[in-house]
Amino acid sequence: MPLPENDALFIEEFPCAYFDDGRIARIEYLITDTDAMRSFHQHLATGHRRLGRTFYRTICRGCSACVPIRINVGLFQARKSQKRTLRMNADIQVIVRPSGELSPEQRELFSNYLLTKHNKKEEANNDEDLQLRIIHFGYARSIEMDYYLDGRLIGVGIVDAAQDALSANYFYYDTGFLRRRLGVFSILQEIALAQALGKRYYYLGFLIEENPKMAYKRDFRPHELYLSGAWKTV
């Protein structure tokens, strides 16, 4: 099928960040114009993710470990451990707003997150700021969720609003609060937001069963996996 005018498709290959066994990631990117973002829900429904103004999906040779996952929020039932996480973090204030100007607190939180969570050395300030702007401002209908504990910013989540869904895009947080399971807490908050907004689905990105850091997404049930071109309930 020919691409719409002003759209472009390209493929990039690089060492996979999820495995250290020599696998090569192969990513297909669709660069689209602003008007085409109106079909965001269609891209989500075919297993794509958003990065800035592009959509992408994995098309790796000999590997299908990255599986798109979504939740029908009307059917979701929190597990006991997830309910404990909610109770544990009942003292956290969550502020929901359109993604706006970056604050010094957000920049500091993001910088520390990259350094401690992903073991990235200090990057040039301009590069780091560009990455943060891509996360916050790549899509006009992004929603920002700020997490405060005793007046201190400890987490920021960016979710994308589509016609019938919310899609988790990025979450960065203070890694000094690992025991609070802020990643799980943020997903539960985003599911609740999707329910409040009357959305049908919440997209979590990729489930990677072989990678313990990404396998936690399977605990949100019931969920659907995009397998062989179709969504299947698990």
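Heads up, the sequence shown is in the working numbering, so the first residue is 1 and it goes up one at a time.
Think of the CB as a built atom: it goes at the ideal place given N, C-alpha and C, for glycine as much as any other residue.
All values reported here derive from a predicted model rather than from experimental measurement.
Beta-carbon to beta-carbon, F55 and H43 are separated by about 5 Å, close enough to satisfy the 8 Å threshold. DSSP places Q195 within a helical segment (H, G or I) once states are collapsed to three.
Sixteen is the threshold: since fewer than 16 other Cβ atoms of the shown chains lie within 10 Å of the Cβ of I24, the residue is exposed.
Going by beta carbons, V156 and Y172 fall inside the 8 Å limit.
Three or more Cβ pairs closer than 8 Å define a contact, and the segment 6 to 24 meets that threshold against the segment 54 to 69.
Shortest Cα-Cα distance from R61 to any of F206, I11, M214 and G198 involves I11. In the three-state reduction of the DSSP assignment, G205 falls in the strand class. Following the DSSP letters along the chain, one finds L109 inside the alpha helix (DSSP H) bounded by residues P104 to K117. Note that the C-beta distance between G205 and R49 is below 8 Å.
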